[in-house]
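Residue numbers (the numbering used here): 1 to 141. Written below as structure tokens is the structure these notes are about.
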């Protein structure tokens, strides 16, 4: 029907003529209460945002000379973060002579990953960046 006819029907019912798909040929319109439509759309958007899980980046610090039990404790904490859906950044800060032996720090990182590979996967492999060695883990899908 023509736009004038549709507008007349909407006025008779004290409702609004709302374009649902203006790009279609001919445009698709609907007779409804526009205020209620906007309110419902805002409510749906708010619910969608509320139900959305925002993934955080948690950080776990290790040292190059960490003992096995301490490594297991840190791995348990990282596994808890991964199970809750967060990403985990694992860092080692090298001090003094440790910078000459960065390979040992990468080895510690790989040992750490071996402890938690059942709950997480490597997003970024251990890389030496200046004085730090950084690895990023994400939850398994």
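For each residue, glycine too, the CB sits at the ideal point set by N, CA and C. These figures come from a predicted structure and were not determined experimentally.
Opening and closing residue of the alpha helix (DSSP H) in which residue i lies
i: residue 129; result: Unbroken run through residue 129 is the beta strand (DSSP E), 120-129; no alpha helix (DSSP H).
i: residue 76; result: 68-83
i: residue 107; result: 102-116
Close beta carbons around residue i, own chain, < 8 Å, minus the five adjacent residues each side
i: residue 13; result: 31
i: residue 77; result: 60
i: residue 127; result: 133, 134 and 135
Proximity of residue i and residue j at Cβ, strictly below 7 Å
i: residue 119; j: residue 75; result: no
i: residue 133; j: residue 92; result: yes
i: residue 17; j: residue 25; result: no
i: residue 90; j: residue 82; result: no
i: residue 64; j: residue 99; result: no
i: residue 43; j: residue 86; result: no
Beta strand (DSSP E) segment containing residue i, residue limits
i: residue 32; result: 28-32
i: residue 59; result: 57-62
Span separating the alpha-carbon of residue i from that of residue j
i: residue 39; j: residue 33; result: 10 Å
i: residue 2; j: residue 27; result: 10 Å
i: residue 123; j: residue 137; result: 5 Å
i: residue 72; j: residue 106; result: 17 Å
i: residue 53; j: residue 113; result: 25 Å
Contact set for residue i: own chain, Cβ-Cβ below 7 Å, skip 5 residues either direction
i: residue 140; result: 119, 120 and 121
i: residue 131; result: 93, 94 and 99
What ranges does the alpha helix (DSSP H) occupy inside the region 5-51, keeping only unbroken runs of at least 4 residues that lie completely in it? 34-51
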